[in-house]
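Colleague: One structure, as structure tokens, below. Some questions next.
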Amino acid sequence: MKDIDKRSELIEREALLSLHRHCPPETRETLGLFLEEVDDALVAGASNDPSILLNRALGLGSRKPPSADAIARIDSIYRERGVERYFLHVYPDTLEHGAATFEDTRLEPARGWMKFVRDDSPRPDGSTELEVRRVGREGAQDFGCIVAGAFGMTPAAGPLLAGLVTDERWHLFVSYAGDEAAGAGSMLIDGDVAWFEWGATEPQYRRRGSQGAIMRARIDAARDAGCKFMFTETGEASGDDPQHSYGNIQRYGFRESVLRQNWAPPAS
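Take 42 as the starting number for the sequence shown in this note's numbering and just add one per residue.
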């Protein structure tokens with residue numbers, strides 16, 4: 042794994058830890074949130090929410106080749122918690138040393154996620170009639186509702202996402218059409234790197250420039266904070282699903298860094 046990808050992995054891990062640490066207790070119980078470590082993997086899940094973004098394990102193989110035992114233990118954690126589908130993230134160079142360890146499991150390759158990186162160069166200009174605000178505790182509810190709906194989570198996940206506002210390292214942005222929330226996006230700053238996550242737009246406000254405006258706000262905030270590198274990711278583009286966010290990410294100066302592979306139980 043390249044050094045730049047290691048930095049991306051570390052801040053993404055910190056983002057996932059923060060999501061769990063700052064979840065309100067009642068929401069944690071409602072969602073059935075859990076977080077465990079298996080070797081170098083962080084195993085995150087929600088027994089009562091099917092979103093793949095809440096049910097995923099990252100970091101396996103980041104420090105050493107994955108073992109068959111570690112993969113089996115991760116799969117067992119999800120089975121015991123009643124999670125039918127999850128993603129186990131694995132980097133390509135990890136598979137060069139450990140591909141055979143998947144052959145004796147029920148897991149199969151799923152759609153990969155592309156990771157991106159940009160430097161601290163100025164971002165392109167753009168405009169929209171929407172107003173972008175960095176929100177506090179009150180606006181965080183708008184953020185949580187938009188993101189939960191966009192990523193297939195249950196409505197109960199809204200407070201989980203809104204809880205990020207209680208970690209001062211997070212910047213939560215919401216775009217508004219008047220008083221109505223239109224889109225959302227967030228950024229975690231840790232030292233001189235930033236992690237962009239949870240970009241989403243309400244269906245009725247798509248193609249109104251919300252994601253571009255929120256991307257510009259995040260890049261500006263990261264540069265103001267002295268960040269040297271900014272990271273994000275989205276699903277890999279394919280012929281039948283080009284991933285509109287993919288082009289938007291590249292438009293704002295991010296370049297493809299590494300395609301992270303995903304392994305998952307067979308879809309039911």
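C-beta atoms are modelled at their ideal positions from N, C-alpha and C, and glycine is treated no differently.
Everything numeric in this text was worked out from a predicted model, so none of it was measured.
Could you spell out where the beta strand (DSSP E) holding Pro196 opens and where it closes?
Modeller: On the sequence shown, position 155 is the one that residue 196 refers to. No beta strand (DSSP E) holds Pro196; DSSP gives it neither H nor E.
Colleague: Count Cβ pairs between the region 96-106 and the region 238-258 that sit closer than 8 Å; are there 3 or more?
Modeller: With the cut-off at 8 Å, the region 96-106 and the region 238-258 do not touch.
Colleague: Looking only at its own chain, which residues have a Cβ that is under 6 Å from the Cβ of Ser251, when we skip the five neighbours before and after it?
Modeller: Indexing the sequence shown from 1 puts residue 251 at position 210. Excluding sequence neighbours, Ser251 sits near Leu171, Ser216, Ala223, Gly224 and Thr242.
Colleague: For the alpha helix (DSSP H) containing Ser286, list its first residue and its last residue.
Modeller: Within the sequence shown, residue 286 is the residue found at index 245, counting from 1. Note, Ser286: alpha helix (DSSP H), His285 to Arg292.
Colleague: Please name the residue, chosen from Arg54, Arg69, Arg247 and Asp44, that lies closest to Ile230 on a Cα-to-Cα basis.
Modeller: Numbered from 1 along the sequence shown, position 189 holds the residue referred to as residue 230. Per the Cα distances, Arg54.
Colleague: In chain order, what residues of the same chain have a beta carbon less than 7 Å from the beta carbon of Ala181, not counting five sequence neighbours either side?
Modeller: Here residue 181 is taken as the residue at index 140 of the sequence shown, counted from 1. Excluding sequence neighbours, Ala181 sits near Ala203, Val206 and Leu213.
Colleague: When the distance is taken between beta carbons, is Arg122 closer than 9 Å to Ser92?
Modeller: The residue given as residue 92 occupies position 51 in the sequence shown. The residue given as residue 122 occupies position 81 in the sequence shown. For Ser92 and Arg122, no; Cβs fall outside 9 Å.
Colleague: Do Val158 and Arg62 have their CB atoms nearer than 9 Å?
Modeller: As a first step, residue 158 must be located in the sequence shown, where it is residue number 117. As a first step, residue 62 must be located in the sequence shown, where it is residue number 21. Against a cut-off of 9 Å, the Cβ pair of Arg62 and Val158 comes out as no contact.
Colleague: Report yes or no: do the region 148-167 and the region 263-278 share at least 3 C-beta pairs separated by less than 8 Å?
Modeller: Output reads yes: the region 263-278 touches the region 148-167.
Colleague: State the start and end residues of the unbroken alpha helix (DSSP H) segment that holds Lys47.
Modeller: One-based indexing of the sequence shown puts residue 47 at position 6. Start and end: Asp44 to Arg62.
Colleague: Check Pro307 in the structure and name its three-state DSSP category.
Modeller: Locating residue 307 in the sequence shown gives position 266, where the first residue counts as 1. Pro307 falls in the coil class under three-state DSSP.
Colleague: How far does the beta strand (DSSP E) with Arg174 in it extend, from its first residue to its last?
Modeller: As a first step, residue 174 is located in the sequence shown; it is residue number 133 there, counting from the start. Arg174 -> beta strand (DSSP E) spans Glu172 to Arg175.
Colleague: Sort Glu125, Trp236, Phe272 and Ala198 by Cα distance to Thr71 and report the nearest one.
Modeller: Along the sequence shown, one-based indexing puts residue 71 at 30. It is Ala198.
Colleague: Span of the alpha helix (DSSP H) holding Asp110?
Modeller: Translated into the one-based positions of the sequence shown, residue 110 becomes position 69. Run containing Asp110: Ala109 to Glu121, per the alpha helix (DSSP H) assignment.
Colleague: Taking the C-alpha atoms as reference points, what is the distance between Phe272 and Gly219?
Modeller: In the sequence shown, residue 272 corresponds to position 231, counting from 1. In the sequence shown, residue 219 corresponds to position 178, counting from 1. So the alpha carbons of these two residues sit roughly 31 Å apart.
Colleague: Would you list the residues sitting across from Met24 in a DSSP beta bridge?
Modeller: Past the boundaries of the shown model lies residue 24; the chain is included only from 42 to 309, so the question cannot be answered.
Colleague: Can you check whether the C-beta of Gly180 is within less than 9 Å of a C-beta belonging to chain D?
Modeller: Reference to chain D is not applicable here, since this structure consists of a single protein chain.
Colleague: Could you check what DSSP says for Thr275 in three-state terms: helix, strand or coil?
Modeller: As a first step, residue 275 is located in the sequence shown; it is residue number 234 there, counting from the start. It is a strand residue.
Colleague: If I measure Cβ to Cβ from Leu148 and keep anything under 8 Å in the same chain, skipping five residues before and after, which residues do I get?
Modeller: Stepping through the sequence shown from its first residue, residue 148 is reached at position 107. Excluding positions up to five away in sequence, the list reads Ile112, Asp116, Leu129, Trp304, Ala305 and Pro306.
Colleague: List the whole-angstrom C-beta distance separating Ile290 from Val173, where the pair is believed to meet the contact cut-off of C-beta under 8 Å.
Modeller: Against the sequence shown, residue 290 aligns to sequence position 249. Against the sequence shown, residue 173 aligns to sequence position 132. Going by Cβ atoms, the distance from Ile290 to Val173 rounds to 17 Å, so no, they are not a contact pair.
Colleague: Determine the burial state of Glu125: buried for a count of at least 16 other Cβ atoms within 10 Å of its Cβ, exposed for fewer.
Modeller: Numbered from 1 along the sequence shown, position 84 holds the residue referred to as residue 125. Under this definition Glu125 is an exposed residue.
Colleague: Using a 10 Å radius around the Cβ and a threshold of 16 neighbouring Cβ atoms, would you call Gln302 buried or exposed?
Modeller: As a first step, residue 302 is located in the sequence shown; it is residue number 261 there, counting from the start. The residue in question, Gln302, is buried, as its Cβ has 16 or more Cβ neighbours within 10 Å.
Colleague: Go through its chain and collect everything with a Cβ distance to Leu201's Cβ below 6 Å, but skip five positions before and after it.
Modeller: By 1-based counting over the sequence shown, the position of residue 201 is 160. If we look at Leu201 and ignore the five residues flanking it on each side, its Cβ neighbours are Cys64 and Thr68.
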